Structures are given as C-alpha cells and as structure tokens.
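Some notes on the structure that comes next.
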Amino acid sequence: MKSIKFICVIFMIIFLLIGCTDADIENDIDLEENEEITENISPKEGGSISISVVRFETLNPLLNKEKSLDYALKLVYDSLFTLDENYNVVPQLVKHYELSEDGISLRITLRDNAKWHDGANLTSDDVKFTIDFLKGNPESPYHPLVSNIYSVNIIDGKSFNISFARPYAFSLEKLVFPIVPRHRVGNLRAEDVKLPEKNFIGSGMYKITEYEKRRHIILTKNNDYYYKKPYIDEIKVIIVPDRETQENMLLSFEAHIGKVSEVISGKFSQRKFNIHEYLGEEYDFVGLNFNSEYIQDINFRKALAYAIDRKKILENAYVEKGSLVEFPLNINSKYYNKNIESYQHNIDKAREYLQKTEFEDIKLRLLVNEDNRLKIKTAYIIKECLEKLDIEVEIIELSSDDMMNTVYAGEYELALLGWKLPIYSDISFAFSSLDGKNITNYNDERMNYLLSKLTSSVNKEETIINYHLVQNYIKEHIPYISLVLNNQHIVLNNRIKGRLKPTDFNIYNGIEEIFVID
Numbered sequence: 017m018k019s020i021k022f023i024c025v026i027f028m029i030i031f032l033l034i035g036c037t038d039a040d041i042e043n044d045i046d047l048e049e050n051e052e053i054t055e056n057i058s059p060k061e062g063g064s065i066s067i068s069v070v071r072f073e074t075l076n077p078l079l080n081k082e083k084s085l086d087y088a089l090k091l092v093y094d095s096l097f098t099l100d101e102n103y104n105v106v107p108q109l110v111k112h113y114e115l116s117e118d119g120i121s122l123r124i125t126l127r128d129n130a131k132w133h134d135g136a137n138l139t140s141d142d143v144k145f146t147i148d149f150l151k152g153n154p155e156s157p158y159h160p161l162v163s164n165i166y167s168v169n170i171i172d173g174k175s176f177n178i179s180f181a182r183p184y185a186f187s188l189e190k191l192v193f194p195i196v197p198r199h200r201v202g203n204l205r206a207e208d209v210k211l212p213e214k215n216f217i218g219s220g221m222y223k224i225t226e227y228e229k230r231r232h233i234i235l236t237k238n239n240d241y242y243y244k245k246p247y248i249d250e251i252k253v254i255i256v257p258d259r260e261t262q263e264n265m266l267l268s269f270e271a272h273i274g275k276v277s278e279v280i281s282g283k284f285s286q287r288k289f290n291i292h293e294y295l296g297e298e299y300d301f302v303g304l305n306f307n308s309e310y311i312q313d314i315n316f317r318k319a320l321a322y323a324i325d326r327k328k329i330l331e332n333a334y335v336e337k338g339s340l341v342e343f344p345l346n347i348n349s350k351y352y353n354k355n356i357e358s359y360q361h362n363i364d365k366a367r368e369y370l371q372k373t374e375f376e377d378i379k380l381r382l383l384v385n386e387d388n389r390l391k392i393k394t395a396y397i398i399k400e401c402l403e404k405l406d407i408e409v410e411i412i413e414l415s416s417d418d419m420m421n422t423v424y425a426g427e428y429e430l431a432l433l434g435w436k437l438p439i440y441s442d443i444s445f446a447f448s449s450l451d452g453k454n455i456t457n458y459n460d461e462r463m464n465y466l467l468s469k470l471t472s473s474v475n476k477e478e479t480i481i482n483y484h485l486v487q488n489y490i491k492e493h494i495p496y497i498s499l500v501l502n503n504q505h506i507v508l509n510n511r512i513k514g515r516l517k518p519t520d521f522n523i524y525n526g527i528e529e530i531f532v533i534d
C-alpha cells in the first residue's frame with residue numbers, strides 16, 4: 017500500500033530516495049491567510065464533494081494495496097485506535113482500555129453505540145475475526161501489525177482481551193487496522209472475499225451506497241455514527257487510472273480534495289485552492305558506510321556533523337519545505353526529545369575534530385539519485401562544506417537500481433538516502449544490527465541494548481525515558497547525519513472550508529470539521 021519511490025520494502029518500512037524536482041518547492045502560498053479566512057465562516061450542514069482514487073483490485077480494506085483507496089476506506093471502516101495529526105495514537109472504536117503491568121495483556125471495551133452500517137452491533141467477535149483474518153493472510157498490508165498478537169479472548173459482546181507474544185512499547189500504535197464485520201465476511205469463500213459487493217458494510221462516518229466498477233463509489237453520511245458526524249452529506253469517489261489523472265481532476269475542479277506530490281507554482285492558484293502543508297513520513301538523511309575506516313572514527317563523524325550546514329540545505333535545497341530533525345521521528349511526537357542540542361554548523365569545531373584523526377588526503381564518495389534534483393542540490397552543498405576542510409568529495413549520480421546495488425555492495429562513504437517512516441514509532445529497523453535490516457553496516461552492541469530496552473517498555477513514561485536514552489546515544493555516536501522531515505501537501509478546492517488535519521496515515525483526518533459553501 018505504501019508507494020515505493022526507492023529500493024525495497026523492509027518489513028513495513030520503505031527505504032526510498034524521495035523524488036522531487038525544482039518545481040516541487042516553488043510555491044509560496046500563504047497558508048495562514050487561508051486559514052484565517054476560513055475561521056470567519058460558520059459551518060453548515062449538507063452539500064457534496066468529490067475525491068479520487070487510483071484503480072484497485074478489491075474494496076476489501078484488509079486486502080487492498082492501493083494507498084489512495086486506503087485513505088478513502090478510512091471514511092468507511094473505523095479501527096480500534098487511530099493516529100492524530102501528530103501521529104500519536106488515540107482511541108476510535110475503543111471506549112476503554114487497560115494494559116497490564118507486564119505489557120502482555122490488553123483489555124479493551126468497545127463503544128456501546130458502535131454499529132455496522134446495516135444496523136448490527138459491532139462486537140468483540142468482529143475484532144477477533146479481523147485479527148484472525150490478518151494473521152492468516154500474510155499478503156495483507158496490515159499483516160505485520162498483528163505479528164505480536166498471540167491470541168484474542170472474548171469476555172462479552174463489547175469486551176475482549178488481547179494477549180501479546182512479548183511486551184512491546186508500541187502495541188497500541190499497531191492496532192490501527194480497519195475492523196470488518198464477521199457476519200458479512202466470515203462465511204465467504206476465499207475467492208469471494210475480494211468481491212466489491214461483499215465489502216460495502218463498515219462502521220465509519222460514511223457508508224457505501226453505490227459502486228460502479230471503474231467509475232465511482234458514492235459515500236453517504238452515516239446518520240447513526242457513534243461519534244461526531246460530518247457536515248458534508250455525500251462524497252463521490254471517482255476511480256481514475258493513475259496519479260497524474262488525480263492531479264488533473266483537481267485542476268479541472270472535478271475532484272475537490274487530493275494529495276499532490278508536486279505543488280507547482282501557477283498550477284494551483286490561491287484564488288481557487290487552499291494548500292495545506294503538513295509534516296509527512298518521508299525522512300532524509302546522510303547515510304554513513306561503517307565499513308569505511310573514515311566513518312568508523314567517531315572524531316571523523318563529528319567533523320562531518322559540524323561541517324555539513326543543514327540549515328543551508330533546508331533553505332537552499334528544500335526551500336524550507338520541511339523541518340530539520342535530529343531523529344527519524346515526527347518532531348511533534350510525544351517521544352521526540354526537543355531538548356537535545358544539535359550539531360550546529362561550525363567549521364572551526366569540524367576542523368578541530370578532524371585534526372584528532374590521523375587521516376590525510378581524504379577522498380569521499382557521495383552517492384545520490386540522479387533523478388532527484390533536490391538531493392543533487394543537497395549533495396553539492398555538502399561537497400562545498402567538506403571542501404572547506406580540504407576533504408575531496410566525488411559526487412556519484414546513479415539510477416535508483418544502481419544506487420541500491422552500490423549501497424548494498426558498500427562501495428561508498430556517504431549516501432543521500434531516505435526512509436518512509438512506519439506508522440508506529442519503532443526505529444529499530446534503522447539502527448539495530450540484530451535483524452539484518454540495517455543497510456549501512458552500523459553495528460553497536462550498546463545501541464542494540466538500548467533499542468531492546470525501548471521496544472520492551474511497558475508504559476508511556478518508561479517508553480519516553482528509554483526513547484530519550486536512545487536519542488542521546490544517537491546524538492553522541494552519530495550513526496548517520498539527520499537532515500529533513502519533508503512537508504507533504506493536500507489541495508482543497510476553495511469551496512471547502514474548515515480545518516482538515518491531514519497525515520500520511522490518513523489524508524482525510526478531520527474531514528468531519530470541513531464543510532462546503534456555494
């Protein structure tokens with residue numbers, strides 16, 4: 017379901033080089049002005065809007081792999097928990113929950129008034145069926161989210177207990193998959209599970225009232241919804257062949273909300289569109305090859321950290337369309353330690369650390385994706401910075417495939433890389449050397465211990481403490497050089513008012529707060 021821009025899927029993580037052109041970062045729309053105008057208009061009930069999705073294989077929310085449809089289906093199917101605009105976990109179908117002191121058992125009580133669109137009660141049976149379905153279907157994009165669930169024991173119609181295989185700090189963050197109705201899906205043959213007509217019944221704020229293959233889906237407001245009901249009565253979901261067509265639908269006013277990869281100056285006029293910027297999950301950094309004798313020297317890594325002017329990179333390459341971060345984590349996350357002092361650009365300090373090494377005539381190979389102009393600009397800024405230390409930098413521009421091969425072969429010292437961060441806050445994939453997913457050959461037993469301690473935390477306070485220990489260790493030992501968490505963009509037609517709160521998990525987050533004016 018995640019769109020792959022580079023290399024390969026690593027569990028739920030996509031290691032990517034984020035494609036971006038000069039045009040991506042040339043839009044200077046005043047977002048605050050747009051929001052101020054919105055605040056002066058009173059919300060009104062009714063109206064309809066259109067959105068679009070790329071063609072898909074199935075409407076089954078557990079088996080669908082098309083991300084744009086997954087966003088739309090979040091309007092139809094609710095989850096036990098969801099993520100807010102800062103990627104923090106919040107209850108959705110859950111009325112009450114209690115995690116045991118050892119982190120192994122989670123007791124959940126569902127909302128009393130949560131119902132399916134056909135009027136049936138949403139029960140513990142539905143949750144158990146959904147989890148069992150995911151455990152038995154490894155092809156589901158949500159399958160990894162249930163890997164630590166050992167069993168589900170039903171207490172009564174609205175209460176159940178989840179037993180985990182081991183304590184895991186981010187167990188709640190993984191319970192964000194859609195819940196499906198057992199009475200509609202449970203008796204289907206395997207070949208019928210993907211049929212559209214078998215997947216119309218959800219529990220969300222909108223219900224599917226019409227489906228025409230390869231043309232559209234009609235979503236109608238669920239007047240029996242258990243939580244805040246949306247203002248907008250109807251959403252037409254137009255089915256299109258590709259993402260380029262999605263953008264064209266926005267430009268021609270046939271679709272009214274959509275995520276765009278390129279906010280091109282002049283394409284989306286402020287008079288006709290509102291552009292919402294938000295921090296997404298696309299994280300860029302300088303990868304360090306720890307098989308290199310240079311990189312193995314902590315003084316050399318500190319010299320690099322002080323020499324590279326990250327502020328200049330953000331301003332000149334990214335044109336401030338992102339945020340400087342110290343870790344692969346949303347800066348608004350409750351786990352992010354904002355008190356850690358970052359490495360500020362300081363050539364004198366960089367030279368001081370470089371002099372502590374015994375290296376002479378240093379030559380570094382810096383890999384960059386040849387199709388990514390933003391990262392190429394970044395590469396030349398890094399080259400300029402390091403040349404002030406008399407370090408020779410060879411920039412090697414490669415195709416995605418060639419870069420993948422070169423990184424895995426270890427034929428580099430520096431590489432401009434990116435990660436698509438997971439929806440849950442576990443960063444073990446990036447720094448642990450125990451599971452074979454660390455591609456920069458970084459191997460540190462202390463880091464492995466701290467990550468293990470973090471992931472086995474059993475409450476929020478302990479998790480925050482252990483996360484801060486990990487971040488402190490990363491700051492001191494520099495396993496990589498952190499750059500930017502990229503902004504993402506949602507386009508809204510100006511007839512839509514109110515505040516959407518998009519995330520890369522759900523671009524329609526907050527849709528119940530927006531409304532249509534004529």
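Just so it is clear: in the sequence shown, position 232 is 248 by this note's numbering, and no numbers are missing. The C-beta atom is built at its ideal place from N, Cα and C for all residues, glycine as well. Small disclaimer: the values here were computed from a predicted structure and weren't measured.
Only counting the same chain, and skipping five residues up and downstream in sequence, which positions put a Cβ closer than 7 angstroms to that of Ile170?
Ser140, Asp141, Lys144, Phe176
7 angstroms CB neighbourhood of Lys476 in its chain, flanking five on each side removed:
none
Looking only at its chain, what residues have a beta carbon closer than 8 angstroms to the beta carbon of Leu91, apart from the 5 residues adjacent to it on each side?
Gly220, Met221, Tyr222, Leu235, Ile251, Tyr524, Ile527
If Ile497 sits next to Phe301, beta carbons under 8 angstroms apart, how far is it from one beta carbon to the other, in whole angstroms?
6 angstroms
Beta-carbon gap between Ile178 and Val192 smaller than 8 angstroms
8 angstroms or more divides the Cβ of Ile178 from the Cβ of Val192.
Ile254 versus Asn315, Asn239, Ala271, residue with shortest Cα-Cα distance
Ala271
Does the count of Cβ pairs from the region 66 to 80 and the region 148 to 162 closer than 8 angstroms reach three?
yes
Looking at the structure shown, is Pro194 part of a helix, part of a strand, or coil, going by DSSP?
strand
Under the three-state DSSP convention, the category Asp300 falls into
strand
Measure from the alpha carbon of Pro495 to the alpha carbon of each residue in Ile512, Asp134, Thr373, Phe316, then state which is nearest.
Phe316
Run through the region 373 to 456 for me and flag every whole alpha helix (DSSP H) of 4 or more residues, listed as ranges in chain order.
389 to 403, 416 to 425, 444 to 447
Quick check on the DSSP output: the beta strand (DSSP E) that includes Gln504 runs from which residue to which?
Unbroken beta strand (DSSP E) run through Gln504: 496 to 509.
With a cut-off of 8 angstroms on the beta carbons, I'd call Tyr458 and Phe343 a contact; round off their distance for me.
Rounded, the Cβ-Cβ distance is 14 angstroms, inconsistent with contact.
Residues of its chain near Tyr227, where Cβ-Cβ distance is below 8 angstroms and the 5 sequence neighbours each way are ignored
Leu75, Pro212, Glu213, Phe216, Ile233, Ile234
Continuous beta strand (DSSP E) stretch holding Ile124: start and end
121 to 126
If I follow the unbroken alpha helix (DSSP H) through Thr146, where does it start and stop?
Per DSSP, Thr146 belongs to the alpha helix (DSSP H) from 140 to 151.
Specify, as a first and last residue, the run of the beta strand (DSSP E) that Phe316 falls within.
That residue, Phe316, is in no beta strand (DSSP E); its alpha helix (DSSP H) goes 314 to 323.
Who pairs with Asn177 in a beta bridge, going by DSSP?
Arg123, Asn169
Consult DSSP for Pro212 and reduce its assignment to one of helix, strand or coil.
Three-state result, Pro212: helix.
Cβ contact (3+ pairs, closer than 8 angstroms) linking the region 352 to 371 and the region 400 to 407:
yes
Please classify Glu529: does DSSP put it in a helix, a strand, or coil?
If DSSP states are grouped into helix, strand and coil, Glu529 belongs with the helices.
Could you tell me whether the region 339 to 359 touches the region 454 to 469, where touching means 3 or more Cβ pairs closer than 8 angstroms?
no
The region 411 to 418 touching the region 346 to 362, judged by at least three CB pairs closer than 8 angstroms
no
Can you give the Cα-Cα distance for Phe269 and Glu336, rounded to whole angstroms?
For Phe269 and Glu336, the distance between alpha carbons rounds to 29 angstroms.
Would you say the beta carbon of Ala271 comes nearer than 7 angstroms to a heavy atom of the ligand MG?
Inclusion of the ligand MG in the displayed structure is not the case, the ligand content being empty and no account of it being possible.
Please give me, in chain order, every unbroken run of the alpha helix (DSSP H) with length at least 4 that falls completely inside the region 222 to 278.
Runs of the alpha helix (DSSP H) inside the region 222 to 278: 259 to 267.
Around the Cβ of His292, are there at least 16 other Cβ atoms within 10 angstroms (buried) or fewer (exposed)?
buried
In the structure shown, what three-state DSSP assignment does Tyr351 receive?
The answer is coil: DSSP assigns Tyr351 none of H, G, I, E or B.
Which residues in the same chain have their Cβ closer than 7 angstroms to the Cβ of Glu117, if we skip the five residues on either side of it in sequence?
Taken in chain order, the residues that qualify are Val474.
Check whether the Cβ atoms of Ile512 and Glu429 sit closer than 8 angstroms, and answer yes or no.
no
Three-state secondary structure assigned by DSSP to Thr519
coil
Glu12 versus Val70: straight-line alpha-carbon distance, rounded:
Missing from the structure shown is residue 12; the chain here goes from 17 to 534 and no further.
Selection from Arg230, Tyr241, Lys244 that minimises the alpha carbon distance to Val256
Arg230
Would you kindly check if the distance between the Cβ of Trp435 and the Cβ of Tyr299 is under 8 angstroms?
yes
On the criterion of 16 or more Cβ atoms from any shown chain inside 10 Å, does Arg515 qualify as buried, or is it exposed?
exposed
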